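Student: Structure incoming, see below.
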Amino acid sequence: MIDMSLWPPDWPRVHGEPLASGDFRMTPEDFLVEEIFDFAPEGQGEHLWLWIEKRDLTTPEAVKHVARVCGVRPRDVGYSGLKDRIAVTRQWLSVHLPGRDAPDAFATQLSDVGVVVQETRRHPRKLKRGVHRANHFTLRLSGEIASHPELSRRWQALCADGVPNYFGPQRFGREGRNLVLAQKAFARGWRKRDDPHGMQLSAARSFLFNEVLAMRLRAQTWRTPRPGDVLALAGTASRFVADEIDSALHERAARGDVAPTGPLWGRGRLESGAEVAEEEARLAARHEVLMQGLEAAGVRMDRRTLCVPLDAPSLEHEASNRVTLGFGLPRGAFATSVLRELMHHPLL
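Heads up: the sequence shown at position 145 corresponds to 145 in the UniProt record's numbering, and the numbers run straight through without jumps.
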C-alpha cells in the first residue's frame, strides 16, 4: 500500500526546484482554456452543437443546465473534455434535438447560470468524449514568480525541451483521496456502481504512470529513446517499438517528431520490449494492489507519451507582479504540470 503520510510524492522536475512561490487561478478569468478541434460541425443533422464559454462551472454542471433548458436528458448532451470549475472554458457541447429547434430564449436562460452560447451549428452525430485534439491555455500568474529574474530563461528551456507529461494533482483529489479510495476498492474488489465515473481507476493508472515517468526523469531518459521503447509519432495516434536506436531516431526525438511512452496499466501485454518492459513491469509490481486491481477491473493496457511540447508558447509581463503565459497542450496533458516546473504552490 502507498504510504499516504508522504503525499504528495516527490516526483522530480526536469529543471530542478521551482523558481519562486506564486498564485494562479485566483479568479476564473486567470485560467482560460479553449478546446482545439480538427473538424467543425457540418451544418445539418439531428444534433445541435453549442460553442459555449462557461465560467465557474464544471463541465457536468454545464451539461445539466443545457439539458434542463433544452428539455432533454443529460445523457442526450455530449461533450469532449472535462474542464475544471475555477476557469473560463470554451468548448463544444452537443444536444440531441431531432426535428426541432432549441427553445426560445434558451441562450438567455443559459447565460443567467454562467453558460454563454457563442455559436450554434447542426451536426449528424453526438459529440463524443476525447475527440478534441488539444487545449490552449492562457494563464495569469501573480506573486514572486512574476518578477523572478530567471523566469524567462526557465520558460524558454521548457519551450525548447517540452514538459514531463505528469498527470496533475487534480487527478488524485485533495490529499490523494481518489488514490486512497482506489486502494480500498481494489482490496475488496472494485465495483462500477461504487465508482461510476471511473475516478478510482483513473487515479491508480495515473499514479503508476507518474512513477514510470519519474524513474525515466531521474535517469534523464524521458526524452531519449531506448531499445525496446514504444515511440509515439507526434500529432498522431500511431506508435511503434524501437528495437534499435540509431542517430536518426535520436535526431527525430530531439526535434519532437517522436517521443517515448510509458504504460497506462491494465489488462493485456506491455507493448514495450527488452529491458524497458522488464523495468516497467518491475516498477508496477511495487504497487501490486493497484496493478492487480486495474487488471481485475478489466481496464485495458494503453500508453501515454512521457514528454509533451508547448505549442505556440508566449510569455507577457503585464505588471511587476503579474505575468501571462499562453501555450497549447495535447488532449489529456495538464497545465498544472507546466506550472510545477516554474513555481511553488500548494496545489502543484
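All C-beta atoms in this analysis are idealised placements derived from N, C-alpha and C, irrespective of residue type, glycine included. The structure presented is a predicted model; accordingly, all values stated were derived computationally and were not measured.
#1: Can you list, in chain order, the stretches of the alpha helix (DSSP H) that have 4 or more residues and sit fully within the segment 132-215?
#2: Runs of 4 residues minimum, wholly inside the segment 220-275: which ones carry the alpha helix (DSSP H) assignment?
#3: Is it buried or exposed, residue 354, if we count other Cβ atoms within 10 angstroms and call 16 or more buried?
#4: To the nearest angstrom, how far is the alpha carbon of residue 337 from that of residue 185?
#5: Among the candidates 97, 296 and 215, whose CA atom is the shortest distance from the CA of residue 189?
#6: Identify the continuous alpha helix (DSSP H) that holds residue 339 and give its terminal residues.
#7: Report whether the distance from the Cβ of residue 269 to the nearest heavy atom of the ligand COA is below 7 Å.
#8: Which parts of the segment 6-40 are runs of the beta strand (DSSP E), unbroken and 3 residues or longer, counting only runs that do not cross its ends?
#9: Which residue's Cα is closest to the Cα of residue 354: 324, 314, 100 and 293?
#10: From residue 273 to residue 227, what distance separates their C-alpha atoms?
#11: How many Å lie between residue 49 and residue 130 at the Cα?
#12: Does residue 315 come out as helix, strand or coil in the three-state DSSP assignment?
#13: Do three or more CB pairs link the segment 15-26 to the segment 64-74 at distances below 8 Å?
#14: Rounded to whole angstroms, what is the Cα-Cα separation between residue 341 and residue 3?
#15: Is residue 310 near residue 262, with beta carbons less than 8 Å apart?
#16: Pairing CB atoms from the segment 245-262 with CB atoms from the segment 219-235, are three or more of them under 8 Å?
#17: In its own chain, which residues sit with a C-beta less than 6 Å from the C-beta of residue 41, not counting the 5 before and 5 after it?
#18: Please classify residue 80 as buried or exposed, where buried requires at least 16 other C-beta atoms within 10 Å of its C-beta.
#19: What span of residues does the alpha helix (DSSP H) with residue 94 cover, start to end?
#20: Report all residues from its chain with a CB closer than 6 Å to the CB of residue 206; omit the five preceding and five following residues, and keep chain order.
#21: Three Cβ pairs or more, each shorter than 8 Å: is that satisfied between the segment 108-120 and the segment 155-162?
#22: Could you tell me which of 1, 30, 102 and 212 sits nearest to residue 85, measuring between CA atoms?
#23: Any idea what DSSP makes of residue 347, helix, strand or coil?
#24: Quick check: what's the CA-CA separation for residue 22 versus residue 321?
#25: Could you check whether residue 347 and residue 169 sit closer than 8 Å to each other, using their CB atoms as the reference points?
#26: Report, in whole angstroms, the separation of the C-beta atoms of residue 36 and residue 328, which I expect to be a contact under 8 Å.
#27: On a CA-only basis, which of 12, 27 and 33 is nearest residue 330? Give me that one, please.
#28: I think residue 77 touches residue 93, with their Cβ atoms under 8 Å apart; what is that distance to the nearest whole Å?
Tutor: On the basis of the supplied data:
#1: 151-161 and 177-188
#2: If we require 4 residues or more, the alpha helix (DSSP H) runs fully inside the segment 220-275 come out as 247-255.
#3: Only positions 1 to 348 of the chain appear in this structure, which leaves residue 354 out of reach.
#4: As a working note, residue 337 is residue 337 in the sequence shown. As a working note, residue 185 is residue 185 in the sequence shown. So the two alpha carbons sit approximately 27 Å from each other.
#5: Translated into positions along the sequence shown, residue 189 becomes position 189. Residue 189 has its Cα closest to that of 296, out of 97, 296 and 215.
#6: Indexing the sequence shown from 1 puts residue 339 at position 339. Residue 339 -> alpha helix (DSSP H) spans 335-339.
#7: Looking for the ligand COA in the displayed structure turns up nothing, as the structure carries no ligands at all.
#8: 31-36
#9: Nothing in the structure corresponds to residue 354, since the chain is present only between 1 and 348.
#10: Position 273 of the sequence shown, counted from the first residue, corresponds to residue 273. Position 227 of the sequence shown, counted from the first residue, corresponds to residue 227. Between residue 273 and residue 227, the alpha-carbon positions lie close to 8 Å from each other.
#11: Your numbering for residue 49 matches position 49 in the sequence shown. Your numbering for residue 130 matches position 130 in the sequence shown. Taking the straight line joining both Cα atoms gives about 16 Å.
#12: The residue given as residue 315 occupies position 315 in the sequence shown. Residue state, collapsed to three classes: strand.
#13: no
#14: Numbered from 1 along the sequence shown, position 341 holds the residue referred to as residue 341. Numbered from 1 along the sequence shown, position 3 holds the residue referred to as residue 3. Near 25 Å, if we compare the C-alpha coordinates of residue 3 and residue 341.
#15: As a working mapping, residue 310 is identified with position 310 in the sequence shown. As a working mapping, residue 262 is identified with position 262 in the sequence shown. It is not a contact, given that the beta carbons lie outside the stated cut-off.
#16: yes
#17: Indexing the sequence shown from 1 puts residue 41 at position 41. The answer, listed in chain order, is 49, 121 and 123.
#18: Here residue 80 refers to the residue found at position 80 when the sequence shown is read from its first residue. Residue 80 comes out buried.
#19: Mapped onto the sequence shown, residue 94 falls at position 94. Taken as a continuous stretch (DSSP letters only), residue 94 belongs to no alpha helix (DSSP H), being part of the beta strand (DSSP E) at 88-96.
#20: Counting from one through the sequence shown, the residue named residue 206 turns up at place 206. Only 167 and 171 meet the Cβ criterion.
#21: no
#22: If you number the sequence shown from 1, residue 85 lands on position 85. Nearest C-alpha to residue 85: 30.
#23: As a position in the sequence shown, residue 347 is number 347, starting the count at 1. It is coil, neither helix nor strand.
#24: Position 22 of the sequence shown, counted from the start, is the residue given in the question as residue 22. Position 321 of the sequence shown, counted from the start, is the residue given in the question as residue 321. Approximately 10 Å, taken between the alpha carbons.
#25: Counting from one through the sequence shown, the residue named residue 169 turns up at place 169. Counting from one through the sequence shown, the residue named residue 347 turns up at place 347. A contact, by the Cβ cut-off of 8 Å.
#26: The count along the sequence shown starts at 1 and reaches residue 36 at position 36. The count along the sequence shown starts at 1 and reaches residue 328 at position 328. Sure, about 7 Å apart at Cβ, within 8 Å.
#27: In the sequence shown, the residue the question calls residue 330 occupies position 330. Checking every option, the nearest Cα to that of residue 330 belongs to 33.
#28: Residue 77 sits at position 77 when you count from the first residue of the sequence shown. Residue 93 sits at position 93 when you count from the first residue of the sequence shown. Sure, about 6 Å apart at Cβ, within 8 Å.
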